[in-house]
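Structure first, commentary second.
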Amino acid sequence: MDFGPHLILAILEGAVTAAVLALTAMGLSIVFGVMRVVNVAHGEFYMLGAVIAWWVATVVGAHPALGFVAALVIAPLVVGAMAAAADRLILHRIDYDPERTIVATIGLLYIIQQGTLMTFGPDARPVQPPFNSRIALPWPEWTDGAFAWAYPWGFGTTTYKLFIIAAAAAILVALWLLMTRTKAGLIMRATQQDAEMARAFGIPVTRVYALVFGLGAGLAAMGAVLIVPVQQAHYLMGGDPLLLSFIVVIIGGLGSLPGTVIAALLIGMSDGIISVFFSPTLAKIIATLAVAMVLVFRPQGLLGKRS
Amino acid sequence: MLELAEVTGAYGNVKTLFGVSFSVAPGSVHCIMGRNGAGKTTTLKTIMGLLTPTGGTITLNGADLGSESAENTAKRGVGYVPQGRRLFAELSVAENIQIGLMARRSDPATRDWVLDLFPPLKTRLTQRAETLSGGEQQMLAMARALCLRPSVLLLDEPTEGLQPSMIAQIRNVVMKMRCDGVAVVLVEQRSDAVLTMADHVTFLENGRSVETLPIAGLKAAPEKLTHYLGV
Ligand SMILES: Nc1ncnc2c1ncn2[C@@H]1O[C@H](COP(=O)(O)OP(=O)(O)OP(=O)(O)O)[C@@H](O)[C@H]1O
Ligand SMILES: [Mg+2]
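If you read the protein sequences in the order shown, they are chains A and B. According to our numbering, the first sequence is numbered sequentially starting from 7. According to our numbering, the second sequence is numbered sequentially starting from 1015.
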């Protein structure tokens, strides 16, 4: 394959990575923005999303599409409920003290991971995509003094990958509408600005925090359900999304939702492209370097505000 | 009637209130005065339920208020204008007002009523609260609290850093609330403002209420201001 088609393929792979990463990082960003909580267990909620998706798809059995749709609804709800419970049982009790929260969420990380290993087992398990036809992509070629569309061998993608990108975009738009156009969003933004004043104006901050923690985890789970037909569910799959989400949130600016989307696109695309042309390890090295550069030259992130 | 009796309070292990007592009748303005760090803000936060008293009682119309959360205190009709305004800075003026309206599910008429009290806010509804001038921010802080249609209004230094014409506007609104039967608790450092607004004054010293007297009593004995405030 020529360089041109190869690059397009890499960009498509990058866009899929970016789409899922945007959802996962957005979950981390909302939790940090509203609650000032650094959730080290975020990647495990992602992993749980994938594992529960496998479980739901297996129980539903029937047609893959039915199982997948059920998983897309049920897995984020279950993971969100588990996260909300963890908030009430653990984070609320330690008063969201920053240091203790980090230690507590590290503990949560291992509990979820080992709990999954004990129940789900060490094997990677696949979920059937609801649909997965191959689309051959056209490439213009100059033959006999005229352009013609050619279909180079191996140059194509699948309908499911395009669906991942569209679904992630739709979820992000829905999230944006939720935050900016609804009463719930207003309450979350007010709590983010000043939790004490929110309480003084009748906002049940304890419940808002549980909800936000659940929403953050649910977003990670949605990302995982979307990707699991391509990547398989595995109890250790939460590590990379956690690292990349942290990278995205720092580059985008802590608590800035638009910054998070932009950074997710940058990091996801470059991760995809560098992985295709060179190696996934180099992609992670470059992303980590990018974080270091941001921390040195623009500590507030791309769209973050100086505090 | 808002009543505090021997209220004590602490930030963690640090005791700050050692016995605060006073009562505020509907339709009156009760002023709290005291030096910096005397515990004025702490007293208001304790009434509001943002701090839990460690002893004593706080009641509103005879019903316990001391053990209520801030959320419920707000729902019971206590409006809070904190020191330093504490607006939801990145939210618009309209959104700040909407938060106030949500607390007690106030009707849309309340919004118009509040905006009529502070007409300058009407042209700034889409502006972010943090971009308002100091005077406008204070108006918004008061408007947000009045959205609750409060029966008790807690004002913590509402005239801080404002020019005389703004102070006059604030005073007008306070007097209007007083006429409407609101019990107003006003923390105020400026004795001129106190003398024109208050019905009663309570002096706080080191977290303790040391003297309460009607405004006429204070006018008759102005040396008390020097004594308690060192001015
Ligand atoms: N969050 C806190 N933690 C610990 N101590 C506090 C806290 N806030 C206030 N204090 C202490 O409580 C005491 C009373 O403070 P408070 O803010 O109530 O004073 P104030 O009378 O409102 O003073 P000012 O006139 O300066 O506003 C002070 O000694 C202060 O240091
Ligand atoms: Mg004070």
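In this text, a Cβ means the ideal position worked out from N, Cα and C, and glycines have one as well. A quick note: this is a predicted structure, and the numbers were derived from the prediction, not measured.
Distance cut-off 7 Å: residue i Cβ against heavy atoms of ligand 1
i: Asn-1050 (chain B); result: yes
i: Tyr-102 (chain A); result: no
i: Gly-1097 (chain B); result: Note that residue 1097 (chain B) corresponds to Gln in the displayed sequence, not to Gly. Because some heavy atom of ligand 1 lies under 7 Å away, the Cβ of Gln-1097 (chain B) counts as near it: yes.
i: Tyr-1025 (chain B); result: yes
i: Thr-125 (chain A); result: no
i: Val-1034 (chain B); result: no
i: Thr-212 (chain A); result: no
i: Thr-1030 (chain B); result: yes
Cutoff 8 Å: residue i Cβ touching any chain B Cβ
i: Gly-55 (chain A); result: no
i: Asp-101 (chain A); result: no
i: Arg-131 (chain A); result: no
i: Leu-192 (chain A); result: yes
Chain-order list of residues whose beta-carbon lies under 7 Å from that of residue i (same chain, five-residue window excluded)
i: Met-1062 (chain B); result: Ala-1084, Thr-1087, Val-1092, Tyr-1094 and Leu-1168
i: Tyr-1128 (chain B); result: Rather than Tyr, the amino acid found at residue 1128 (chain B) in this sequence is Val. The residues are Ile-1111, Ala-1157, Leu-1160 and Cys-1161.
i: Ile-100 (chain A); result: Arg-106, Thr-107 and Ala-110
i: Met-194 (chain A); result: Val-40, Met-185, Val-214 and Val-218
i: Val-255 (chain A); result: Ala-31, Leu-34, Ser-35, Phe-38 and Thr-266
i: Ala-196 (chain A); result: Ala-204 and Ile-209
i: Gln-198 (chain A); result: Gly-39 and Val-40
Among the options, nearest to residue i - alpha-carbon criterion
i: Gly-310 (chain A); options: A:Gly-258, A:Val-267 and A:Glu-105; result: A:Gly-258
i: Phe-252 (chain A); options: A:His-98, A:Leu-301 and A:Gln-119; result: A:Leu-301
i: Leu-1016 (chain B); options: B:Ser-1037, B:Lys-1029, B:Thr-1137 and B:Leu-1160; result: B:Ser-1037
i: Val-1198 (chain B); options: B:Lys-1190, B:Gln-1177 and B:Glu-1150; result: B:Lys-1190
i: Asn-45 (chain A); options: A:Ala-31, A:Ile-58 and A:Ala-56; result: A:Ala-31
i: Pro-1236 (chain B); options: B:Glu-1219, B:Val-1215 and B:Ser-1223; result: B:Val-1215
i: Ala-87 (chain A); options: A:Thr-23, A:Val-218, A:Leu-72 and A:Ala-21; result: A:Val-218
i: Glu-1144 (chain B); options: B:Gly-1098, B:Gly-1041 and B:Gly-1231; result: B:Gly-1098
i: Leu-178 (chain A); options: A:Leu-168, A:Val-26 and A:Gly-55; result: A:Val-26
i: Val-1034 (chain B); options: B:Arg-1118, B:Gly-1148 and B:Arg-1222; result: B:Arg-1222
i: Glu-19 (chain A); options: A:Leu-308, A:Ile-58 and A:Leu-271; result: A:Leu-271
i: Arg-1142 (chain B); options: B:Leu-1105, B:Thr-1124, B:Asp-1121 and B:Ala-1207; result: B:Leu-1105
i: Leu-232 (chain A); options: A:Ile-112, A:Pro-82, A:Gly-113 and A:Val-43; result: A:Pro-82
i: Ala-1234 (chain B); options: B:Leu-1209, B:Val-1224, B:Phe-1217 and B:Leu-1243; result: B:Leu-1209
i: Leu-143 (chain A); options: A:Gln-120, A:Thr-294, A:Ala-156 and A:Ala-59; result: A:Ala-156
i: Met-1211 (chain B); options: B:Glu-1109, B:Leu-1131 and B:Gly-1041; result: B:Gly-1041
Below-8 Å beta-carbon distance, residue i vs any chain A residue
i: Ile-1111 (chain B); result: no
i: Arg-1100 (chain B); result: yes
i: Met-1153 (chain B); result: no
i: Lys-1089 (chain B); result: yes
i: Leu-1105 (chain B); result: yes
i: Gly-1114 (chain B); result: yes
i: Tyr-1025 (chain B); result: no
i: Met-1062 (chain B); result: yes
i: Ala-1117 (chain B); result: yes
i: Ala-1197 (chain B); result: no
i: Pro-1067 (chain B); result: no
Cβ shell of residue i (< 6 Å), same chain only, five flanking positions each side left out
i: Leu-1065 (chain B); result: Gly-1023 and Lys-1059
i: Leu-181 (chain A); result: none
i: Pro-264 (chain A); result: Leu-309
i: Phe-153 (chain A); result: Pro-146
i: Ser-281 (chain A); result: Ala-289
DSSP state of residue i mapped onto helix, strand, coil
i: Pro-286 (chain A); result: helix
i: Phe-126 (chain A); result: helix
i: Met-1015 (chain B); result: coil
i: Glu-19 (chain A); result: helix
i: Asp-1130 (chain B); result: helix
i: Trp-182 (chain A); result: helix
i: Asp-1078 (chain B); result: strand
i: Cys-1161 (chain B); result: coil
i: Trp-159 (chain A); result: coil
i: Tyr-1025 (chain B); result: strand
i: Glu-1219 (chain B); result: strand
i: Ile-1111 (chain B); result: helix
i: Tyr-102 (chain A); result: coil
i: Ile-209 (chain A); result: coil
i: Gly-55 (chain A); result: helix
i: Glu-1174 (chain B); result: coil
i: Tyr-1094 (chain B); result: strand
i: Leu-217 (chain A); result: helix
i: Ser-35 (chain A); result: helix
Residue i: CB within 7 Å of a non-hydrogen atom of ligand 2
i: Lys-1054 (chain B); result: yes
i: Asp-1078 (chain B); result: no
i: Asp-1213 (chain B); result: no
i: Asp-1170 (chain B); result: yes
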